[in-house]
């Protein structure tokens, strides 16, 4: 089943991460590459440390950052789908 | 009975069956860290059949270097042992050139250090590294800084490790510059008195014993040198992911996944410890003095 607003997501275990200036850098061992997340991405990465509904992630970001609910939901879905494709996030429904 | 020679390279005492007169002799009471012996070396690694390139095949603990029919093969293992199957007519100078470059880099990598394709000077600001593609001006910039009274830590191969305080330091390398002929002439060297690097035929080797800093130094800055079509020297500070990308570009060898994991803390500490900048210089004119001024002014 694909990722939906009602899905629960969590970080994939075992990733090595480090703060670099305002970004967070993640070492993706499976692809031997680095992924960098900016301020908003970093906040999402913090939120998905434990299993959480995407809807809840979007609500928190709506309170903390600028943008309409629709824009934020769209951006969060795109972002998490991309991380899932890189193997950094998994759906735990 | 065979003669073994002992040298000090990047803090390691290396015992070799061939002389390397350009290297620093090891202290008499030092314990040997690496032994190089003559022996038979297979053309493949039994635990990794697939080659990483025509030249080498690698696992985290072993690297097979196929240096060509006129040099031979090297098997570098566990950061402590090298077996050499030399070509019948290879000269000692060529083996010494391989030891001073790829062999020592492979040994140090197996020991968990981080190795950059960069040169390092100790300036009044502290240790400063210059990286960039071949021809970017790393050695020329280092040589110009030495003329300004700075000390040299490394040319071409820069080895980084943690010190006791948890800071990233640069280890003292080999006390010679590998200069292009035109740069050597411009700096006043007599080409007829400088030996040619047997591995890099277009470069000559200029000894720098008096200019060498023999102690590790905390790294303060990395400059990535490149050329551009503009007329001016520009300097741009890098941030966040840009630093990571630049560091990846500067690796002497791309890291294996297991090595990435082992070096991650060193890399991230380095990125947060030092300033990263990209210096672009015009292709159309000689600008080393402007580059040096940019570096010294920070």
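Chains as they are written, first to last, in the working numbering: chain A, 1489 to 1581; chain B, 2 to 299.
Don't be surprised by glycine CBs; every beta carbon is placed ideally from N, CA and C.
Boundaries (first-last residue) of the alpha helix (DSSP H) holding residue i
i: residue 290(B); result: 289 to 298
i: residue 95(B); result: 93 to 99
i: residue 1573(A); result: 1557 to 1573
i: residue 258(B); result: 258 to 274
i: residue 1550(A); result: 1542 to 1552
Enclosing beta strand (DSSP E) for residue i [first to last residue]
i: residue 145(B); result: Residue 145(B) -> not in any beta strand (DSSP E); alpha helix (DSSP H) instead, spanning 139 to 148.
i: residue 153(B); result: 152 to 155
i: residue 55(B); result: Looking at the DSSP string, residue 55(B) is not in any beta strand (DSSP E), and its letter there is neither H nor E.
i: residue 1525(A); result: 1521 to 1525
i: residue 1507(A); result: 1504 to 1508
i: residue 1578(A); result: 1577 to 1579
i: residue 67(B); result: 63 to 67
i: residue 1513(A); result: 1511 to 1516
i: residue 1497(A); result: 1496 to 1499
Residue j beta carbon less than 9 Å from that of residue i
i: residue 274(B); j: residue 220(B); result: yes
i: residue 96(B); j: residue 169(B); result: no
i: residue 118(B); j: residue 175(B); result: no
i: residue 82(B); j: residue 45(B); result: no
i: residue 1546(A); j: residue 1561(A); result: yes
i: residue 172(B); j: residue 161(B); result: yes
i: residue 1523(A); j: residue 1572(A); result: no
i: residue 23(B); j: residue 196(B); result: yes
i: residue 69(B); j: residue 110(B); result: no
i: residue 26(B); j: residue 3(B); result: no
i: residue 106(B); j: residue 287(B); result: no
i: residue 16(B); j: residue 5(B); result: yes
i: residue 1577(A); j: residue 1500(A); result: yes
i: residue 245(B); j: residue 1508(A); result: yes
Of the residues the options, the one placed nearest residue i, counting alpha carbons only
i: residue 179(B); options: 187(B), 167(B), 198(B); result: 198(B)
i: residue 276(B); options: 46(B), 265(B), 263(B), 296(B); result: 296(B)
i: residue 155(B); options: 196(B), 210(B), 246(B); result: 210(B)
i: residue 251(B); options: 272(B), 74(B), 83(B), 165(B); result: 272(B)
i: residue 120(B); options: 144(B), 183(B), 38(B), 112(B); result: 144(B)
i: residue 39(B); options: 80(B), 62(B), 84(B); result: 84(B)
i: residue 239(B); options: 1510(A), 1491(A), 1503(A); result: 1510(A)
i: residue 1531(A); options: 1548(A), 1522(A), 1519(A); result: 1548(A)
i: residue 1534(A); options: 1555(A), 1556(A), 1568(A), 1493(A); result: 1568(A)
i: residue 1563(A); options: 1576(A), 1529(A), 1552(A), 1537(A); result: 1529(A)
i: residue 186(B); options: 141(B), 62(B), 217(B); result: 141(B)
i: residue 1574(A); options: 1496(A), 1542(A), 1503(A); result: 1503(A)
i: residue 1525(A); options: 1506(A), 1543(A), 1551(A); result: 1506(A)
i: residue 1527(A); options: 1541(A), 1512(A), 1540(A); result: 1512(A)
i: residue 283(B); options: 241(B), 16(B), 229(B), 80(B); result: 229(B)
i: residue 1537(A); options: 1494(A), 1579(A), 1553(A), 1570(A); result: 1579(A)
i: residue 203(B); options: 215(B), 189(B), 184(B), 177(B); result: 184(B)
i: residue 236(B); options: 177(B), 90(B), 281(B), 26(B); result: 281(B)
i: residue 28(B); options: 19(B), 10(B), 18(B), 20(B); result: 10(B)
i: residue 268(B); options: 30(B), 113(B), 16(B), 19(B); result: 113(B)
i: residue 222(B); options: 292(B), 91(B), 278(B), 242(B); result: 278(B)
i: residue 21(B); options: 130(B), 102(B), 63(B); result: 102(B)
i: residue 243(B); options: 225(B), 61(B), 86(B), 194(B); result: 225(B)
i: residue 167(B); options: 266(B), 12(B), 48(B), 60(B); result: 266(B)
i: residue 131(B); options: 193(B), 248(B), 94(B); result: 248(B)
i: residue 164(B); options: 207(B), 287(B), 227(B), 270(B); result: 270(B)
i: residue 135(B); options: 227(B), 194(B), 214(B); result: 227(B)
i: residue 1492(A); options: 1576(A), 1552(A), 1541(A); result: 1541(A)
i: residue 262(B); options: 1508(A), 1521(A), 1490(A); result: 1521(A)
i: residue 311(B); options: 260(B), 292(B), 200(B), 188(B); result: One cannot answer for residue 311(B) here, as it falls past the ends of chain B, which runs 2 to 299.
Contacts of residue i in chain D (Cβ-Cβ under 7 Å)
i: residue 245(B); result: Included in the structure are the protein chains A and B, with no chain D among them.
Nearest-angstrom Cβ-Cβ length linking residue i and residue j, presumed shorter than 8 Å
i: residue 289(B); j: residue 133(B); result: In fact, because the Cβ distance is near 13 Å, the residues do not count as touching under 8 Å.
i: residue 14(B); j: residue 33(B); result: 5 Å
i: residue 212(B); j: residue 153(B); result: 5 Å
i: residue 1514(A); j: residue 258(B); result: Between residue 258(B) and residue 1514(A) the Cβ distance is about 14 Å, and since that is not below 8 Å, they are no contact.
i: residue 182(B); j: residue 205(B); result: 6 Å
i: residue 299(B); j: residue 126(B); result: 5 Å
i: residue 76(B); j: residue 123(B); result: No, residue 76(B) and residue 123(B) are not in contact; Cβ-Cβ is about 35 Å, not under 8 Å.
i: residue 88(B); j: residue 73(B); result: 5 Å
i: residue 1494(A); j: residue 1543(A); result: 6 Å
i: residue 207(B); j: residue 177(B); result: 6 Å
Contact test: residue i Cβ vs the ligand PLP heavy atom, cutoff 8 Å
i: residue 8(B); result: No copy of the ligand PLP occurs in the structure displayed, which carries no ligand at all.
query: Curious, which full-length beta strand (DSSP E) runs of at least 3 residues does the region 221 to 254 of chain B contain?
result: Fully enclosed beta strand (DSSP E) runs of 3 or longer: 235 to 238.
- prompt: Which runs of the alpha helix (DSSP H) spanning at least 4 residues fall entirely within the region 147 to 213 of chain B, listed in chain order?
  reply: Within the region 147 to 213 of chain B, the complete alpha helix (DSSP H) runs of at least 4 residues are 182 to 187.
Length at least 3, wholly inside the region 72 to 136 of chain B: the beta strand (DSSP E) runs in chain order: Within the region 72 to 136 of chain B, the complete beta strand (DSSP E) segments at least 3 residues long are 73 to 78, 82 to 87, 115 to 124, 127 to 132, listed from N- to C-terminus.
task: Would you list, in sequence order, the uninterrupted alpha helix (DSSP H) runs of no fewer than 4 residues that lie entirely inside the region 10 to 44 of chain B?
output: For secondary structure counted as the alpha helix (DSSP H) over 4 or more consecutive residues, the region 10 to 44 of chain B holds no complete run.
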